[in-house]
Amino acid sequence: MSLDLATTRRIAKLARIGLEENELEATRQKLNGILGWIDQLAEVDVTGVPPMVGTETETLRQREDKVTDGNCRNALLACAPETSGPFYTVPKVVE
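According to this note's numbering, the stretch in the sequence shown is residues 55 to 149, in order.
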């Protein structure tokens with residue numbers, strides 16, 4: 055697959071990459087090189103090769119569900135300019 059300048063210009067627009075007209079040819083060549091590498095990868099025969107990593111072979115690590123707030127509510131509230139009990143007091147912003 056080979057890209058033309060119009061397609062390169064469209065890709066740049068979709069990717070929101072500001073390219074000048076003099077940069078289009080170099081970008082087209084780079085994109086064609088990338089597509090060439092992808093074509094090479096598509097030719098590799100991977101039948102019978104198990105995946106190295108995949109979601110179906112790994113399980114999520116579980117951690118104990120416990121409260122880890124540090125038990126320092128009073129120290130945190132001491133930094134606030136105004137408090138009301140165990141809560142921060144802020145100015146009213148919606149009438």
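Idealized CB from N, CA, C, for every residue including glycine. Because the structure is a prediction, the values reported are computed rather than measured.
Span of the alpha helix (DSSP H), counted from its first residue to its last, around ILE92
Position 38 of the sequence shown, counted from the first residue, corresponds to residue 92. Counting along the chain, ILE92 sits inside the alpha helix (DSSP H) bounded by residues 78-96.
Secondary structure of THR143, DSSP reduced to three states
Working through the sequence shown from its first residue, we reach residue 143 at position 89. If DSSP states are grouped into helix, strand and coil, THR143 belongs with coil.
Classify ARG82 as buried or exposed, calling it buried when 16 or more other Cβ atoms lie within 10 Å of its own Cβ.
Taking the first residue of the sequence shown as 1, we reach residue 82 at position 28. If you draw a 10 Å sphere on the C-beta of ARG82, you find 16 or more other C-beta atoms in it, and that means buried.
Apply the 10 Å Cβ neighbour rule to THR113 and answer buried if 16 or more other Cβ atoms are within range, or exposed otherwise.
Here the question's residue 113 lines up with position 59 in the sequence shown. Exposed.
Helix, strand or coil for LEU62? Go by DSSP, reduced to three states.
As a working mapping, residue 62 is identified with position 8 in the sequence shown. Looking at the sequence itself, residue 62 is Thr, so the reference to Leu does not match. In the three-state DSSP reduction, THR62 falls in the helix class (H, G or I).
Please report the distance separating the alpha-carbon of VAL100 from that of LEU131.
Looking up residue 100 in the sequence shown gives position 46. Looking up residue 131 in the sequence shown gives position 77. If you draw a straight line from the Cα of VAL100 to the Cα of LEU131, it is about 60 Å long.
Starting from LEU130, follow the alpha helix (DSSP H) in both directions and report where the run begins and ends.
As a working mapping, residue 130 is identified with position 76 in the sequence shown. Segment 127-132, the alpha helix (DSSP H) holding LEU130.
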